[in-house]
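Chains as they are written, first to last, in the numbering used here: chain A, 1 to 383; chain B, 1 to 333. Note that beta-carbon positions come from the ideal geometry of N, C-alpha and C, so glycine has one too. In what follows, a structure is listed as structure tokens, so that the remarks can point back to it.
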Amino acid sequence: MKVSFPYMGSTIVYKKLFEFLEHEVIMPPKPTQRTMDLGVKYSPEFACIPLKMVMGTYLEAIEKGAKVLVTSGGHGPCRAGFYGDTHRNILKSLGYDDVELIIFDAPQDNWKAFWRNVQKIRNGVPWPKVINRMYTLYRFVQKLDELEKMVQKIRPYEINKGQTTQVWNEIQEKFDKIKTRKELYKVYEECKKMLLSIPTKEVDEKDKIRVGIVGEIYVVMESSINFGIEEILGNLGVEVERSLYLFEWINDNLVPWALRPKRFKEIIKKGQRYIKILIGGHAVETVGHIIDFKERGFDGIIHLMPFACLPELVTQSLIPKISKEVDIPILSLPIDEQTGKANMLTRIEAFVDLLRNRKKGRTKEVFVNEFQQHADEERVVVV
Amino acid sequence: MKIAIPHALLYYYYFPLWDTLFRELGFEVVDTGITNKDILDKGSKAAVSDICAPIKIFTGHVIEGLEKADYVFVPRFARIKKPEYFCPKFMGLPDIIEGTVEGSSGRIISPIIHEKNNEDISSPKIYGILTEIFGFSHRELRLALKKAEEVFLRFKSLLHSGLTCDKALESYRTQRWEEDLKRVKKDGEVTIAVLGYVYDVYDSFISMDVIKKLEAMNVNIKTFEMVPTDIAYENLRHYRKRLFWTFSNRVLGAGLFYLKDPEVDGLIHVTAFGCGPDAIVGRFLQYESDIAGKPFTTLRVDEHTGEGHMITRLEAFVDMLKRKKWARVSHGI
């Protein structure tokens with residue numbers, strides 16, 4: 001089967017998954033302006049940007065010859081769970097009758113459908129082999145995420161600008177070629193050495209700026225839609241950590257509740273200080289991560305959300321209150337097809353300046369509030 | 001003790017229930033009144049700029065209520081039918097209000113409505129919070145709820161017999177239940193199904209009285225509340241998976257029901273700018289009306305929509321339907 005999938009974050013992981021199951025993989029191209037245009041053209045106008053981008057990605061993958069598209073479903077109340085069906089509906093009305101869209105819903109919703117999907121995807125590979133390979137993939141994701149976290153810690157202090165990003169690209173290419181677990185561990189050690197050999201400057205602990213990125217999964221994980229915010233921040237000399245990594249996502253969502261890591265439950269508990277019940281999407285986690293980042297000594301938070309994202313609008317409503325009570329500056333950036341890079345860049349630069357000044361103790365609380373106010377006003381004008 | 005019920009969101013559907021409940025318990029109920037420019041401005045200023053107009057208006061009504069009463073009623077709607085939910089903004093409504101409206105903390109009454117299958121939301125479990133805060137006995141609460149449920153069922157039967165929500169609310173206020181049934185308009189030239197959530201269709205500031213305008217053009221109106229829940233769901237059976245939001249399902253189900261109804265000549269989907277669930281509902285309604293071959297249009301409204309362009313669009317749509325019907329009748333098809 002010629003299989004393709006939505007483009008989000010470390011796509012080599014998904015590619016590996018289908019390669020391990022002996023499918024022919026049609027790699028979806030990294031989203032560009034063309035992807036966005038295609039997606040916007042055929043999607044409902046008021047759908048959020050992830051739906052439009054994924055729509056564009058599907059159409060480009062189909063152009064490249066994909067016959068089967070695999071995606072995840074959901075059971076609400078966030079709209080994302082219904083995207084598969086909306087996409088299928090659009091593809092049908094565009095006349096792509098020969099393209100199959102396989103949607104994975106949570107198994108407890110419909111065991112039979114889930115099992116049918118699994119059998120389709122398994123592609124006749126014997127079970128022991130599948131389990132062995134899935135375990136390899138699990139470790140693969142873990143190692144790749146560990147390296148990415150290292151990259152985010154090294155990039156702000158590199159001496160030769162752009163070197164870390166270059167090494168990171170090389171690492172991804174190397175990981176792409178991995179076939180077995182033994183190989184994985186070997187490549188991992190090599191890559192670690194590569195990263196550690198990047199020359200960096202010594203920065204005093206009190207001059208380091210750390211920013212946590214929180215928000216909706218697609219805009220947080222996919223760099224082509226958030227304008228490579230991690231790289232932008234890294235180049236401004238800021239250490240970055242996301243609230244979401246693929247490995248943690250797998251642990252938090254695919255592992256049964258009883259076996260889930262304690263950290264995930266703690267984050268949810270922290271989030272429920274402000275949002276009392278789980279309201280879908282990543283709203284409660286976002287709030288939990290904001291508090292968690294503060295407790296771990298981060299200096300600021302950037303909150304990313306698709307324009308008109310339902311759960312994140314609840315978070316956004318709470319941000320002024322949280323920012324005041326938890327005492328951490330938060331910059332909230334809604335993203336859609338109209339967002340311009342220059343606008344975003346200016347706001348991020350101003351935010352980083354604010355954080356630096358605040359850390360040096362030159363700013364008073366008043367200034368922070370003023371900044372938030374300006375940010376709010378600016379948003380009104382821009383949108 | 002005064003309690004304010006904000007005249008927004010699900011007010012239009014559940015007001016008779018809540019009003020009776022609080023009156024029976026000895027509260028003085030304050031209705032924050034029809035949305036006006038002042039309320040909208042207050043709400044837009046307090047709320048996040050990207051949020052949809054209904055939530056902004058609701059925020060405005062809460063601010064208004066805080067000025068006029070001791071407490072404001074802000075229920076947290078999680079689910080009234082398993083396995084569905086409400087829009088995440090409804091689920092986090094008290095949180096949104098606490099985050100955006102200053103001085104609301106401690107003065108909003110927020111029972112959690114999380115029911116397996118109970119559209120009447122009158123089980124004592126939900127309102128247990130009232131006994132905790134105000135010290136009512138469980139018996140008092142149960143009796144009040146029983147009364148409230150009776151009123152609500154009566155209100156619902158009016159809806160099912162063809163009254164629109166605002167007319168049924170009028171009947172509730174004047175207590176002239178039977179007489180009002182005669183007010184159902186049946187002699188119009190064409191029939192249009194106006195589909196949309198109660199807080200979009202009946203808020204005179206959001207939809208600018210779309211129903212009254214259509215009736216003035218000699219049109220019979222059908223809305224989703226007139227279709228009983230089970231019939232609406234019956235029409236959704238061919239979908240692989242239902243939508244996640246109960247009222248979206250009812251709107252979509254009613255839409256499909258009206259598409260099959262030969263009496264209905266066209267559909268209008270009334271939706272608020274930035275409404276998430278409607279981005280999906282609208283897409284499905286459009287797709288299904290294409291297949292059924294019935295005229296369909298979307299009215300997307302927000303706090304800036306001008307009245308003139310809306311009238312033009314409504315007139316054009318109604319004229320088209322009338323002409324189509326006339327052609328059909330004169331050709332004897």
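Residue j beta carbon less than 9 Å from that of residue i
i	j	result
A113 of chain A	G74 of chain A	no
A292 of chain B	K260 of chain B	yes
G56 of chain A	L38 of chain A	yes
I90 of chain A	K64 of chain A	no
T315 of chain A	I275 of chain A	yes
E312 of chain A	P306 of chain A	yes
G306 of chain B	C52 of chain B	no
M194 of chain A	E158 of chain A	no
F27 of chain B	Y199 of chain B	no
Reduced DSSP category for residue i - H, G, I as helix; E, B as strand; rest coil
i	result
K241 of chain B	coil
D31 of chain B	strand
G210 of chain A	The question names Gly, but residue 210 of chain A in the sequence shown is Arg. Three-state result, R210 of chain A: strand.
H61 of chain B	helix
R242 of chain A	strand
R343 of chain B	Given that chain B is displayed from residue 1 to residue 333, the structure contains no residue 343 of chain B and the question cannot be resolved.
I302 of chain A	strand
P126 of chain A	coil
H114 of chain B	strand
A84 of chain A	Correcting the residue identity first, residue 84 of chain A is Gly in this sequence and not Ala. Helix at G84 of chain A.
N226 of chain A	coil
V203 of chain A	coil
H75 of chain A	coil
S4 of chain A	strand
N220 of chain B	strand
I330 of chain A	strand
T315 of chain A	helix
A66 of chain A	coil
G308 of chain B	helix
Test: residue i CB closer than 9 Å to a CB of chain B
i	result
P320 of chain A	yes
Q338 of chain A	no
D97 of chain A	no
F307 of chain A	yes
T71 of chain A	no
H289 of chain A	no
Residue i versus the options, residue with shortest Cα-Cα distance
i	options	result
T35 of chain B	B:L158, B:R23, B:A8 and B:V48	B:A8
L130 of chain B	B:V281, B:V301, B:V74 and B:S44	B:V74
E239 of chain A	A:E148, A:R263 and A:V130	A:E148
K206 of chain A	A:R79, A:S323 and A:G361	A:G361
I335 of chain A	A:I171, A:I217, A:K161 and A:L195	A:I217
E231 of chain A	A:I154, A:V54 and A:R139	A:I154
V214 of chain A	A:C48, A:L101, A:P156 and A:I267	A:I267
H23 of chain A	A:P128, A:E241, A:M1 and A:V284	A:M1
L158 of chain B	B:G92, B:L141, B:G282 and B:R176	B:R176
Assigned exposure category for residue i - 16 Cβ within 10 Å defines buried
i	result
Y83 of chain A	buried
K42 of chain B	buried
A316 of chain B	exposed
P77 of chain A	buried
E189 of chain A	exposed
D38 of chain B	exposed
K156 of chain B	buried
V151 of chain B	buried
S137 of chain B	exposed
P126 of chain A	exposed
H87 of chain A	buried
A66 of chain A	buried
L254 of chain A	exposed
H282 of chain A	buried
Q166 of chain A	exposed
Contact with chain A by residue i, beta-carbon distance below 9 Å
i	result
D278 of chain B	yes
E132 of chain B	no
I311 of chain B	no
W177 of chain B	no
E84 of chain B	yes
E170 of chain B	no
L252 of chain B	no
C87 of chain B	yes
F27 of chain B	no
Y127 of chain B	no
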